[in-house]
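Data first, discussion second: the structure below is written as C-alpha cells.
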Amino acid sequence: MNRNGVLGLETAKQVMVTFLVLAVTAVAILLALTSLQDANIFTALSTGDNATTNIIGNVSEGLETFFASTGTIFSILIVVVIILAISIIIWAVGRFGQQTEGTVNL
Numbered sequence: 001m002n003r004n005g006v007l008g009l010e011t012a013k014q015v016m017v018t019f020l021v022l023a024v025t026a027v028a029i030l031l032a033l034t035s036l037q038d039a040n041i042f043t044a045l046s047t048g049d050n051a052t053t054n055i056i057g058n059v060s061e062g063l064e065t066f067f068a069s070t071g072t073i074f075s076i077l078i079v080v081v082i083i084l085a086i087s088i089i090i091w092a093v094g095r096f097g098q099q100t101e102g103t104v105n106l
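Residue numbers (UniProt numbering): 1 to 106.
Here is the structure:
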C-alpha cells in the first residue's frame with residue numbers, strides 16, 4: 001500500500017518548502033534593489049533615486065504584509081492535517097470492525 005501523503009504531511013511539506021523558496025527569492029530581490037540604490041546610478045534626490053526608494057519601500061512592505069499572514073496559513077494547514085488524521089483513524093477503526101464481525105466469541 002502506498003503511504004505517500006498520509007495525514008497530509010506531503011502537502012504540509014510542500015507548503016513549507018514553497019514558503020522557504022518565496023522567502024529566499026524575496027531576500028534576493030530586496031538585496032538586488034538595495035544594491036541598485038547603493039550603486040549611485042541616479043543623482044541624489046532625482047526622480048530615479050526617489051523611484052528606487054519608493055520601489056524598495058513598496059516591495060519590503062508587501063513582503064512584510066504577506067509573510068505576516070503565514071501564521072494564519074499554517075494554522076489552516078494544521079487544522080487540515082488534524083482532520084485528515086481523524087478521518088484515517090475512523091477509516092482504520094471501521095475496517096478493523098469489519099474484519100472482526102466474522103469471528104466467534106467463545
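From the three backbone atoms N, C-alpha and C, an ideal C-beta is built for every residue, glycine too.
- Between L63 and A12, the gap from beta carbon to beta carbon reaches 8 Å or more.
- Contact check for I55 and T34: beta-carbon distance about 11 Å, past the 8 Å limit, so the pair fails to qualify.
- Taking the Cβ atoms as the reference, T70 lies roughly 6 Å from F19, within the contact range of under 8 Å.
- Taken through DSSP and simplified to helix, strand or coil, S87 comes out as helix.
- A straight-line Cα-Cα distance of about 12 Å links A85 and V93.
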